[in-house]
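Just below is one structure, and these are the notes that go with it.
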Amino acid sequence: MTKATVTINKKAYKLNKGIGFFRSLGILPKKTRENIDRLGDIVLGLRVGDAFVVSELLIAGLTEEDLLSNEQIEDFVFSDADVEKEAAKLLDFLKQTAFSGLVNQILEELETNLKKAQMEMEKPLS
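Written out as structure tokens, the structure reads:
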């Protein structure tokens, strides 16, 4: 399994996927329903390339030793990053965490619902 990294200002940083990462995202022990909802929001945000979600995950995933401020991370996301590419990398990263099964299940359900919506949109108006 490869470590997920992000390059900011020509320096590569490894993303942390420990419990602190999940806690900072609001994913907490004994909160199954809330965790499913929160992960669903995150997965959907990454799937559509939401810059705010990308920024939130990078802030949560980069450790204090990286010496990057939240402002530097946000500047990277909103000014320099290919947000869709970073979102895809972060989605792959989530698939390698302790919540991989749930992330994959959310993705499957999301794709099914997107296909249904696409089919509905393609129906002629009566």
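Numbering-wise, this note's numbering puts 99 at position 97 of the sequence shown, and it's gapless, one number per residue. Think of the CB as a built atom: it goes at the ideal place given N, C-alpha and C, for glycine as much as any other residue. Predicted model only: the values in this text are computed from it and were never measured.
Buried or exposed by the 16-neighbour rule on C-beta atoms within 10 Å, applied to residue 58
By the C-beta density criterion, residue 58 is buried, having at least 16 other C-beta atoms within 10 angstroms.
Which same chain residues, not among the five before or five after residue 121, have their C-beta less than 7 Å away from its C-beta?
Result list for residue 121: empty, nothing under 7 Å.
Please tell me whether residue 116 and residue 92 are closer than 9 Å, where the distance is taken between their beta carbons.
Not a contact, by the Cβ cut-off of 9 Å.
Just mark residue 110 as buried or exposed, buried being the case when its beta carbon has 16 or more other beta carbons within 10 Å.
By the 10 Å Cβ count, residue 110 comes out exposed.
Can you list, in chain order, the residues of its chain with a C-beta nearer than 6 Å to that of residue 29? Leave out the 5 residues immediately preceding and following it.
Excluding positions up to five away in sequence, the list reads 37, 40.
How many Å lie between residue 55 and residue 24 at the Cα?
Cα to Cα, residue 55 sits roughly 14 Å from residue 24.
Using the Cα positions of residue 1 and residue 17, report the straight-line distance between them to the nearest angstrom.
Outside the displayed span of the chain (3 to 128) sits residue 1, for which this structure offers no information.
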